[in-house]
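Protein chains in written order, with UniProt numbering: chain L, 1 to 380; chain Y, 1 to 380. For reference, the structure discussed in these notes is given below.
Number of protein chains: 2
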Amino acid sequence: MTLAMSIVTNQLKQLTPLSVPDRLLLGPGPCNAHPTVLQAMSTTPLGHLDPAFLQIMDEIQSLLRYVWQTDNPHTIAVSGTGSAAMEATIANSVEPGDVMLIGVAGYFGNRLVDMAGRYGADVRSISKPWGQNFTLDELRAAMAEHRPKILGLVHAETSTGCRQPIEGVGELCREYDCLLLLDTVTSLGGVPIHLDKWGVDLAYSCSQKGLGCAPGASPFTMSPRAMAKLLARPTKVPNWYLDMLLLGKYWGAERVYHHTAPINLYYGLREALRLVSEEGIDNSWARHQANVEYLWSSLESIGLKMHVEKQYRLPTLTTVCIPDGVDGKAVAKQLLTEHNIEVGGGLGELAGKVWRVGLMGYNSRPESVDRLIGALKQVI
Amino acid sequence: MTLAMSIVTNQLKQLTPLSVPDRLLLGPGPCNAHPTVLQAMSTTPLGHLDPAFLQIMDEIQSLLRYVWQTDNPHTIAVSGTGSAAMEATIANSVEPGDVMLIGVAGYFGNRLVDMAGRYGADVRSISKPWGQNFTLDELRAAMAEHRPKILGLVHAETSTGCRQPIEGVGELCREYDCLLLLDTVTSLGGVPIHLDKWGVDLAYSCSQKGLGCAPGASPFTMSPRAMAKLLARPTKVPNWYLDMLLLGKYWGAERVYHHTAPINLYYGLREALRLVSEEGIDNSWARHQANVEYLWSSLESIGLKMHVEKQYRLPTLTTVCIPDGVDGKAVAKQLLTEHNIEVGGGLGELAGKVWRVGLMGYNSRPESVDRLIGALKQVI
């Protein structure tokens, strides 16, 4: 009888109730979630097929379409973080042997390459130094050379703070009968996006940046063109959890059980989307732009320089050059431990060269800038 | 200039702040999360590489080992729901062409079959009527016939309320040099489990049942035997988000960024594990058993019968036979709308034949039983 077996206690820990420091999160994400969002997340769960919960799912779908500026019927929140939603775009669009062309100008371009390879894509990539982007002419030349079935671009490179202009790319993809896949993890809510006008076919994002929610329930959308490719594939999607044919039956009219949704995160996401919608998505974009310009001028006033050319800088995330002779890691650590402010370090080509400073969602406020600048003055 | 493009508002909704009914969740899950867990989830997020957060991850790992009764170094929480953790066991153990033998006696056995096929396994299955389980002799005969590399069993079938005895199966798997994979979604925290003594190599669970947390951060563990198979595979795991070689670098000593963890859910899971640990895992098992026996006797006292033979009934989830002439769906709907009590309906072979009543985690209390019985007396 199993109950009679002795209990092993070597892994048991005596813990006190949760207590965490109150940080101002000005790194590449997560940002501090809006207090209303946090409050909603402590609401008692509903069942995942409760009519009251299905209504919340409908509200999330509709407001995700609004903030993304799309009418795609298949617009949902994936029950995982932004990386899961990223993988969902690949898993549902790539068939083994498909040529996928990926623009790599930072860490997340490389992640797309890794993921697409795992799903059997014939991956081709074009690259730019970290902090730059691709011109439409460069993309046109690469399309002519590789003739891909899917083009993957990162709208807002979280590793570099650089914005990739998308105007004209959708038309280019239609010319070549190619799907356009766009990473909007660090842009949704904070950087102007017009998915339908741009002709984007697959996009994903996260909850914990421009939307001001906690991480874990991640926006995903696919156009009817992308859905047609999915419906025509001869084999099952090689990922059960992210299979949009199954998920579509849960999020759509059929309401067929797929998995138990992370109910409380959906509460938070619904509230975050409600707050952005009340502000107006264009007002949210304008707020992010105004506050980041205040950040840039404030950083310049204390002698710091930005890594990315001004017109392509993201309003959500700024890469700040670490001055010669300054130990970037030590500064970031001091900001954290002495001032409770988190900033990010550089990745890849930018490791040791930049700090990454996010002003996203709830944290995109002049007060965030003032607190950071005050601390930097003491630390550098 | 993108900011000048007009905003489409057809998907915009004017919503009031979140307000949801306060249900008693006595279905197959989620259960109501413990108030302390919900409170923790509204704590402001930390960064996913903040030392204070890394400590919380360590605490989660250690307490997951305790509640599972394992010393597996690779024991983590997957950033998704229980189905994601399920897929993680398959993605990291199955190589294309591997024979995987799966015991199917309910919905979740079938889900394992579906998933394993997507990862290229040569799937063999044995089946039993829904509500029964496999004897050790039946498993031995199937092992001799199919010689699998992985045997997959469901410890607690959420669709039937039946418990699969595991004693002796680990030895059998070692005899055949086979990994043992066990679904403990509806057993962890509520049903005795001794992973190491049983010789289980891969297991997964969820947060929202026996542990009394909200859904979304899901226990996963693999033994050194399973890790050895993973390390020897010639190709990448065909799932980036669930690749345990990458995740091991984030959860282990290296702390290499993989994805942004669902911070607030980990807060909740840490608190849920702390509460179970304070109670003692064996006391939690005993509580679930005592309360479900009270449920069974109470149901019998109003003339209802259970579907599963008593010795194999789960302490966490009970399938209750719908009496002849009673409309099961109408009863469940009335319980929900008139009494704010959720119970589940039957799936597959048991559709229309049973209700599924969960007494899990925070909800495994005599008061839950009393409230349900009181409502059933009015409704049936």
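In this text, a Cβ means the ideal position worked out from N, Cα and C, and glycines have one as well.
In chain L, which residues lie less than 8 Å from residue i when you measure between Cβ atoms?
i      : result
Y:S127 : Result: empty, since nearest Cβ-Cβ is about 20 Å, beyond 8 Å.
Y:R118 : K236, V237, P238, N239 and W240
Y:Q39  : S42
Y:E367 : Near Y:E367 there are no residues of chain L at all, since even the closest Cβ is about 15 Å away, more than 8 Å.
Which residue from the options puts its Cα closest to that of residue i?
i      : options                           : result
L:V320 : L:D22, L:L26 and L:P21            : L:L26
L:L273 : L:G190, L:P224 and L:H146         : L:G190
L:Q11  : Y:N10, Y:G82 and Y:I281           : Y:I281
L:Y250 : L:V20, L:A40, L:V169 and L:Q61    : L:Q61
L:G131 : L:V104, L:W296, L:Y294 and L:D122 : L:V104
L:K13  : Y:H288, Y:V276, Y:L299 and Y:G170 : Y:V276
L:R313 : L:V237, L:A203, L:R163 and L:Y362 : L:R163
L:D196 : L:Y176, L:G168 and L:A214         : L:G168
L:L230 : L:S19, L:N363, L:G47 and L:I150   : L:I150
Y:L18  : L:G29, L:I263 and L:D370          : L:I263
L:T81  : Y:V308, Y:M222, Y:E293 and Y:G216 : Y:G216
L:M143 : L:R174, L:P165, L:A156 and L:T160 : L:R174
L:S364 : L:W198, L:V326, L:G348 and L:N291 : L:N291
L:I102 : L:M57, L:I7 and L:M115            : L:M115
Y:V379 : Y:V20, Y:D58, Y:T235 and Y:A332   : Y:A332
L:D22  : L:N32, L:T16 and L:L15            : L:N32
L:D98  : L:S223, L:I7, L:L179 and L:S83    : L:L179
Would you mind telling me which residues of chain L sit closer than 7 Å to residue i, beta carbon to beta carbon, in chain order?
i      : result
Y:A52  : V20 and P21
Y:E342 : G47 and D50
Y:G27  : G47
Which bits of chain L does residue i rub up against, with CB to CB less than 9 Å?
i      : result
Y:C206 : T260
Y:D71  : V8, N10 and Q11
Y:G216 : S79, G80, G216, A217, T260, A261, P262, I263, N264 and L265
Y:A332 : None at all; the shortest Cβ gap to chain L is about 11 Å.
How is residue i classed by DSSP in three states: helix, strand or coil?
i                      : result
Y:L130                 : It is Trp, not Leu, that sits at residue 130 of chain Y in the sequence shown. Note: Y:W130 maps to strand in three-state DSSP.
Y:V292                 : helix
L:L181                 : strand
Y:N240                 : The sequence shown places Trp at residue 240 of chain Y, not Asn. The answer is coil: DSSP assigns Y:W240 none of H, G, I, E or B.
Y:M86                  : helix
residue 385 of chain L : Because chain L in this structure spans residues 1 to 380, residue 385 of chain L falls outside the shown range and cannot be described.
Y:V169                 : helix
Y:R369                 : The sequence given here has Val at residue 369 of chain Y, not Arg. Correct three-state label for Y:V369: helix.
L:P45                  : coil
Y:T150                 : The sequence shown places Ile at residue 150 of chain Y, not Thr. Strand at Y:I150.
Y:M1                   : Its pLDDT being 43, under 50, Y:M1 is placed unreliably in this model, and the coordinates cannot settle the point.
Y:I380                 : coil
L:L26                  : coil
L:A105                 : coil
L:S6                   : coil
Y:S364                 : coil
L:T70                  : coil
L:N340                 : coil
Y:L246                 : helix
L:L12                  : coil
On the DSSP bridge list, what partners appear for residue i?
i                      : result
Y:D122                 : Y:V99
Y:P219                 : Y:A77
L:R313                 : L:C162
residue 381 of chain Y : In the structure as shown, chain Y starts at 1 and stops at 380, and residue 381 of chain Y therefore has no counterpart that could be examined.
Along chain Y, which residues have their Cβ under 8 Å away from the Cβ of residue i?
i      : result
L:L181 : Ordered by position in chain Y, no residue passes the 8 Å Cβ test against L:L181, which lies about 15 Å from the chain.
L:M5   : P192, H194 and K197
L:A156 : Residues of chain Y passing the Cβ test: none, with the nearest at roughly 13 Å.
L:P30  : P45, G47, H48, T260 and I263
L:A33  : T44, P45 and N264
Quick one: which chain Y residues come within Cβ less than 9 Å of residue i?
i      : result
L:S62  : Q11, L12 and K13
L:L230 : Within chain Y, no residue comes near L:L230; the closest Cβ sits about 15 Å away, beyond 9 Å.
Taking C-beta pairs closer than 7 Å, name the residues in chain Y that residue i reaches, listed in chain order.
i      : result
L:M115 : W240
L:E59  : K13 and L15
L:R65  : Q11
Please tell me whether, using a cut-off of 6 Å, the distance from the CB of residue i to the nearest non-hydrogen atom of the ligand PLP is below it.
i     : result
Y:P17 : Inclusion of the ligand PLP in the displayed structure is not the case, the ligand content being empty and no account of it being possible.
Task: Proximal residues, the stretch 298–327 of chain L versus chain Y, C-beta separation under 9 Å - done: none
Open item on the list: For the stretch 82–113 of chain L, list every residue whose C-beta sits within 7 Å of some C-beta in chain Y, in sequence order.
Closed with: G82, S83, A84 and E87
Open item on the list: Short of 7 Å Cβ to Cβ, which residues in the stretch 170–201 of chain Y face chain L?
Closed with: P192, H194 and K197
- [ ] Could you name the residues of the stretch 266–285 of chain L whose beta carbon sits closer than 9 Å to any beta carbon of chain Y, in the order they occur along the chain?
- [x] Y267, G268, R270, E271, L273, R274, S277, E278, G280, I281, D282 and W285
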